[in-house]
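Contents: one structure, followed by commentary.
Protein chains: 4
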Amino acid sequence: MQLGMIGLGKMGGNMAARLRDKGHEVVGYDAFSEERDVDTLAALVDRLAAPRVVWVMVPAGDPTASTIAELGDLLAEGDLVIEGGNSHYADDRARAEELSAKGIGYVDAGVSGGVWGRSNGYGIMVGGSAEDVERARPVFDSLVPDEGGGFVHAGRVGAGHFVKMVHNGIEYGMMQAFGEGYELMVASGLVDNVPGTFESWREGTVVRSWLLDLLSRALEEDPELSRLRGYAEDSGEGRWTVQAAVDHAVPAPAITASLYARFASRQDDSPAMKVVAALRNQFGGHAVTKAEDSGDA
Amino acid sequence: MQLGMIGLGKMGGNMAARLRDKGHEVVGYDAFSEERDVDTLAALVDRLAAPRVVWVMVPAGDPTASTIAELGDLLAEGDLVIEGGNSHYADDRARAEELSAKGIGYVDAGVSGGVWGRSNGYGIMVGGSAEDVERARPVFDSLVPDEGGGFVHAGRVGAGHFVKMVHNGIEYGMMQAFGEGYELMVASGLVDNVPGTFESWREGTVVRSWLLDLLSRALEEDPELSRLRGYAEDSGEGRWTVQAAVDHAVPAPAITASLYARFASRQDDSPAMKVVAALRNQFGGHAVTKAEDSGDA
Amino acid sequence: MQLGMIGLGKMGGNMAARLRDKGHEVVGYDAFSEERDVDTLAALVDRLAAPRVVWVMVPAGDPTASTIAELGDLLAEGDLVIEGGNSHYADDRARAEELSAKGIGYVDAGVSGGVWGRSNGYGIMVGGSAEDVERARPVFDSLVPDEGGGFVHAGRVGAGHFVKMVHNGIEYGMMQAFGEGYELMVASGLVDNVPGTFESWREGTVVRSWLLDLLSRALEEDPELSRLRGYAEDSGEGRWTVQAAVDHAVPAPAITASLYARFASRQDDSPAMKVVAALRNQFGGHAVTKAEDSGDA
Amino acid sequence: MQLGMIGLGKMGGNMAARLRDKGHEVVGYDAFSEERDVDTLAALVDRLAAPRVVWVMVPAGDPTASTIAELGDLLAEGDLVIEGGNSHYADDRARAEELSAKGIGYVDAGVSGGVWGRSNGYGIMVGGSAEDVERARPVFDSLVPDEGGGFVHAGRVGAGHFVKMVHNGIEYGMMQAFGEGYELMVASGLVDNVPGTFESWREGTVVRSWLLDLLSRALEEDPELSRLRGYAEDSGEGRWTVQAAVDHAVPAPAITASLYARFASRQDDSPAMKVVAALRNQFGGHAVTKAEDSGDA
Numbered sequence: 000m001q002l003g004m005i006g007l008g009k010m011g012g013n014m015a016a017r018l019r020d021k022g023h024e025v026v027g028y029d030a031f032s033e034e035r036d037v038d039t040l041a042a043l044v045d046r047l048a049a050p051r052v053v054w055v056m057v058p059a060g061d062p063t064a065s066t067i068a069e070l071g072d073l074l075a076e077g078d079l080v081i082e083g084g085n086s087h088y089a090d091d092r093a094r095a096e097e098l099s100a101k102g103i104g105y106v107d108a109g110v111s112g113g114v115w116g117r118s119n120g121y122g123i124m125v126g127g128s129a130e131d132v133e134r135a136r137p138v139f140d141s142l143v144p145d146e147g148g149g150f151v152h153a154g155r156v157g158a159g160h161f162v163k164m165v166h167n168g169i170e171y172g173m174m175q176a177f178g179e180g181y182e183l184m185v186a187s188g189l190v191d192n193v194p195g196t197f198e199s200w201r202e203g204t205v206v207r208s209w210l211l212d213l214l215s216r217a218l219e220e221d222p223e224l225s226r227l228r229g230y231a232e233d234s235g236e237g238r239w240t241v242q243a244a245v246d247h248a249v250p251a252p253a254i255t256a257s258l259y260a261r262f263a264s265r266q267d268d269s270p271a272m273k274v275v276a277a278l279r280n281q282f283g284g285h286a287v288t289k290a291e292d293s294g295d296a
Numbered sequence: 000m001q002l003g004m005i006g007l008g009k010m011g012g013n014m015a016a017r018l019r020d021k022g023h024e025v026v027g028y029d030a031f032s033e034e035r036d037v038d039t040l041a042a043l044v045d046r047l048a049a050p051r052v053v054w055v056m057v058p059a060g061d062p063t064a065s066t067i068a069e070l071g072d073l074l075a076e077g078d079l080v081i082e083g084g085n086s087h088y089a090d091d092r093a094r095a096e097e098l099s100a101k102g103i104g105y106v107d108a109g110v111s112g113g114v115w116g117r118s119n120g121y122g123i124m125v126g127g128s129a130e131d132v133e134r135a136r137p138v139f140d141s142l143v144p145d146e147g148g149g150f151v152h153a154g155r156v157g158a159g160h161f162v163k164m165v166h167n168g169i170e171y172g173m174m175q176a177f178g179e180g181y182e183l184m185v186a187s188g189l190v191d192n193v194p195g196t197f198e199s200w201r202e203g204t205v206v207r208s209w210l211l212d213l214l215s216r217a218l219e220e221d222p223e224l225s226r227l228r229g230y231a232e233d234s235g236e237g238r239w240t241v242q243a244a245v246d247h248a249v250p251a252p253a254i255t256a257s258l259y260a261r262f263a264s265r266q267d268d269s270p271a272m273k274v275v276a277a278l279r280n281q282f283g284g285h286a287v288t289k290a291e292d293s294g295d296a
Numbered sequence: 000m001q002l003g004m005i006g007l008g009k010m011g012g013n014m015a016a017r018l019r020d021k022g023h024e025v026v027g028y029d030a031f032s033e034e035r036d037v038d039t040l041a042a043l044v045d046r047l048a049a050p051r052v053v054w055v056m057v058p059a060g061d062p063t064a065s066t067i068a069e070l071g072d073l074l075a076e077g078d079l080v081i082e083g084g085n086s087h088y089a090d091d092r093a094r095a096e097e098l099s100a101k102g103i104g105y106v107d108a109g110v111s112g113g114v115w116g117r118s119n120g121y122g123i124m125v126g127g128s129a130e131d132v133e134r135a136r137p138v139f140d141s142l143v144p145d146e147g148g149g150f151v152h153a154g155r156v157g158a159g160h161f162v163k164m165v166h167n168g169i170e171y172g173m174m175q176a177f178g179e180g181y182e183l184m185v186a187s188g189l190v191d192n193v194p195g196t197f198e199s200w201r202e203g204t205v206v207r208s209w210l211l212d213l214l215s216r217a218l219e220e221d222p223e224l225s226r227l228r229g230y231a232e233d234s235g236e237g238r239w240t241v242q243a244a245v246d247h248a249v250p251a252p253a254i255t256a257s258l259y260a261r262f263a264s265r266q267d268d269s270p271a272m273k274v275v276a277a278l279r280n281q282f283g284g285h286a287v288t289k290a291e292d293s294g295d296a
Numbered sequence: 000m001q002l003g004m005i006g007l008g009k010m011g012g013n014m015a016a017r018l019r020d021k022g023h024e025v026v027g028y029d030a031f032s033e034e035r036d037v038d039t040l041a042a043l044v045d046r047l048a049a050p051r052v053v054w055v056m057v058p059a060g061d062p063t064a065s066t067i068a069e070l071g072d073l074l075a076e077g078d079l080v081i082e083g084g085n086s087h088y089a090d091d092r093a094r095a096e097e098l099s100a101k102g103i104g105y106v107d108a109g110v111s112g113g114v115w116g117r118s119n120g121y122g123i124m125v126g127g128s129a130e131d132v133e134r135a136r137p138v139f140d141s142l143v144p145d146e147g148g149g150f151v152h153a154g155r156v157g158a159g160h161f162v163k164m165v166h167n168g169i170e171y172g173m174m175q176a177f178g179e180g181y182e183l184m185v186a187s188g189l190v191d192n193v194p195g196t197f198e199s200w201r202e203g204t205v206v207r208s209w210l211l212d213l214l215s216r217a218l219e220e221d222p223e224l225s226r227l228r229g230y231a232e233d234s235g236e237g238r239w240t241v242q243a244a245v246d247h248a249v250p251a252p253a254i255t256a257s258l259y260a261r262f263a264s265r266q267d268d269s270p271a272m273k274v275v276a277a278l279r280n281q282f283g284g285h286a287v288t289k290a291e292d293s294g295d296a
């Protein structure tokens, strides 16, 4: 089918390529890329035959918000917007309502798979009405892995990004668990072959997983991870997962621990631990005059 | 090769069967099973040609300790004991030293794979001297999956059980992450198709894994998990992982959270939360006379 | 000075009484209490001499929002609203802006102390302009403990409720720490005199605190806390503290653990732990047919 | 009464001084201090009239073990050893049994209060037989605060150190909660007066406590804690508390989080977070070649 793809970066560009390989006609636009087929959003809309389907794959936050607002002005009744970025599920609902007033449909799509997706296929989780989802189904079917699976219509608008958010929260927990296990093996002084241990776990064990495959690959390239710092950013989804858990009174200690470990990894010096150090010094009864730690009591 | 297998339960019995399928001669003994080939440990030792290799696969703790002590008396110089149960790595070192005084070798083997291992193969992680490990190599090679992988010689005696322990700690963290994600999706009221979401994640996503396959299978059989209680035992490995982390000053918050969630799942009523409730009542300034909770302040 | 007090419940009523004891003229109004001096909000405004100072002490959320909205219509330029409930600091800023457009001042006041405050005095933390805070200073000075202290002008509008929120977050952490310590002493089987231990800690130790005094009092009344269930509500402040921590990328593991322990205390059955149980059953390779747990692997 | 004090450091020296102030006859010995009254342990034993009471107040671990072993040889039937250091409760039981075989009594005493104890008095928690505890009661009564309280006979041998360990675990949790609250206030950018906020909390609030007094004092001396690094050691008690919690299947998430935060504060670079960074790089599909972080997926 015909599809407009807005955003031709690492994700959107690869997805457009995979769709073209599968026989779809993709018209691409990106404000910052030479790869684009048209030079403006208006030109993209002109190029597509009504009723149009437009996939938005630009950075979350302002770029997505302004793109969708502009599309609201350019598109016509009967068209459909698929928001494939990492939007918050609450924003989906507001956007869908605005577009709905103009007769424009809205589907939110969470996309997993990273740059491996072009060849392996993507995991696609969508939210929206059955009718809107059905219209875009040929696109979803071409994005998922060839062997099938990889697609779910999770619920109404917002549900696609919600389950993608939860997916990423789980991902945080799994990555942290591997990290803790790695550190413990290294610290023990007992394990001579840490990379080989992870490699061996790829078959036959309970923890076998794609993340383990990636970790094994990373350790093959850099057996002591000496080219990396223990520093990790967090994207919005991890924070949103914890905030959603708090909103719904769901205890999420492992996922939250994973998020906090990332926060801590980015701190040069922890203000909280300065307080602990200050208190330990106070036990000693002397003025705090140096960067030192006196003891518990 | 010829091997004595002590313990013919869910694990040992399946392993013996897999080894026989691969052409090994296995002499099995189990104090409580009719499947045994000999009726006593002494008969097992008699039946094997020296130098013997004996695999111990009985419950951790006393049964393993007494079996190995008895073997120490029955075996001869040049024989080899493989301890395949879930022993603590510190116990391995003590046992290896005792046997070593008699010229008997010792290899500790962590085994992963559960009842699926008979057909899929097992993950095998061993600790011991290069010589001892090499002697038993044909057995290890037949236990791992047919497609290869699944084996590591992790280090000296104790290293096999240590990395199996860490494997299980990671497994705790992964299971907990899936659990938290499931609960959040259910609590949100936004996700109409929770089983389908997990099913879709099996292909193309970052969280694809054997545990996800199992969870998807469980949700297919019982979509709301209504036949289960939210109650989970813990085996020794989870506790040992946390205790090793504390010993080595390794922060392990996600794995520890997973262990504590299991502890909490088994409590009818939490004494700690009684204290919180008692304090909240005290803020109200009145005597604690009923099972009620008055407020923060 | 003259003050209007809106809300004469457990907090507002006691505060009004303390202020009267200290010589202030308090005109009280409460939609649901016979103790009120006037029958409507309009009558309260009429009764006060301009420029007026009105303290709002009604439940957080809608009651506070509608009361302040109504006051916005009734009050005049130069009047001052003090919001003393448990509002979210972001709501303070929105309200202050609306009132400011009409020339009405706004101070947010966090109040700690519970029912003990009437006799002991309250902890008061305020946010607002120096001028607005100064106008209400005689009221604050009478609310705090007679021995002094207990007051801080923490920053601009919102800062009062923000630091009260953090205060409650810390309170959660302290209560949880006492709870965990209590449970461990009971579980150990080694401590014959748990209430006496807490009682002894009230003097000379590092953990001496008002919360410990309250806990010791609770254990004197009910040495095994047998009249209580391990069940604790959470008020908004605990959740907001965690959400603010996530917003600001501040690791807050102890406070978050305390919040999650309260969430878990209110669950009959944990959906997350059903997933863990389901996975453990799957290791066994058999269908999930009963509420039972088969093992790790 | 007459007492031998072994160890005249920060704790033992101050305790000896307090006891002398209260009229006790203290004979002091310290291997490394000029303050000693006798030059050898044997001389100390000679100087005391039988039946003797000897208080051991030397560093935990080997120094305590060797001192008590030596006392076992020097003391006679009817004498009493009080172990006041930070020993593990399991060691107490082994030592008590050995001394008991020679007719020597044993009391384990946890001591809280730090250098403030000399003037404020100490918190004293003891384990042992009623008879042994009674004999040393005059010493305990002089060590606790003048206003009374501060003493508990918690149970049999080991119970004193066990409850002191739990006391310190709770202390970890309280310190961490204050630290997290401090960091959140600083990070918010909303609180102009963080030291003043803590100071104000010392009266009228729920979190008022000795630790808050100390923190307020530290912030008065160094309002931004700029003379300190966010680095905290941990003594054995915190680790033992977590290990005891794991042994007894007691969820202790807040205390454990506090311990782990200390571990993390001492790491230049976290190996676990290197794994997270490596995995994030792998999502990008390129070799790990720099200390950089590519994204989640």
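Chains as they are written, first to last, in numbering that gives the first Met the number 0: chain A, 0 to 296; chain B, 0 to 296; chain C, 0 to 296; chain D, 0 to 296. The C-beta atom is built at its ideal place from N, Cα and C for all residues, glycine as well. Note that the structure is a prediction, hence the values are computed from the model and not measured.
So, with DSSP's three-state summary, where would you put residue i?
{"i": "B/I169", "result": "helix"}
{"i": "B/V156", "result": "coil"}
{"i": "D/S187", "result": "helix"}
{"i": "B/A41", "result": "helix"}
{"i": "D/Q1", "result": "strand"}
{"i": "A/Y121", "result": "coil"}
{"i": "C/G12", "result": "helix"}
{"i": "C/D107", "result": "strand"}
Does chain C have any CB closer than 8 Å to the CB of residue i?
{"i": "D/G120", "result": "yes"}
{"i": "D/R279", "result": "no"}
{"i": "B/A276", "result": "yes"}
Out of the options, which has the shortest C-alpha to C-alpha gap to residue i?
{"i": "D/E69", "options": "D/A217, D/I5, D/G159", "result": "D/I5"}
{"i": "D/N183", "options": "A/G27, A/V274, A/G127", "result": "In the sequence as presented, Asn is not what sits at residue 183 of chain D; that position holds Leu. Ranking A/G27, A/V274, A/G127 by Cα distance to D/L183 puts A/V274 first."}
Residue i: buried (16+ other C-beta within 10 angstroms of its C-beta) or exposed?
{"i": "B/Q1", "result": "exposed"}
{"i": "D/R201", "result": "buried"}
{"i": "D/D292", "result": "For D/D292, the predicted structure reports a pLDDT of 45, less than 50, and the residue's modelled location is therefore unreliable. A value from the coordinates is still provided. With 16 or more Cβ atoms within 10 Å of its Cβ, D/D292 is classed as buried."}
{"i": "C/D107", "result": "buried"}
{"i": "C/S304", "result": "No answer is possible for residue 304 of chain C: the residues shown for chain C start at 0 and end at 296."}
{"i": "B/G22", "result": "exposed"}
I'd like to know if residue i contacts chain A, where contact means its C-beta is closer than 8 Å to some C-beta of that chain.
{"i": "B/P252", "result": "yes"}
{"i": "C/R238", "result": "yes"}
Any beta carbon of chain D sitting closer than 8 Å to that of residue i?
{"i": "B/V241", "result": "yes"}
Exercise. Name, going along the chain, the residues of the region 161–185 of chain B whose beta-carbon falls closer than 7 Å to a beta-carbon of chain A.
Key: Across the region 161–185 of chain B, CB contacts with chain A closer than 7 Å involve F161, V162, V165, H166, G168, I169, E170, G172, M173, Q175, A176, F177, E179, G180, E182, L183, M184, in sequence order along the chain.
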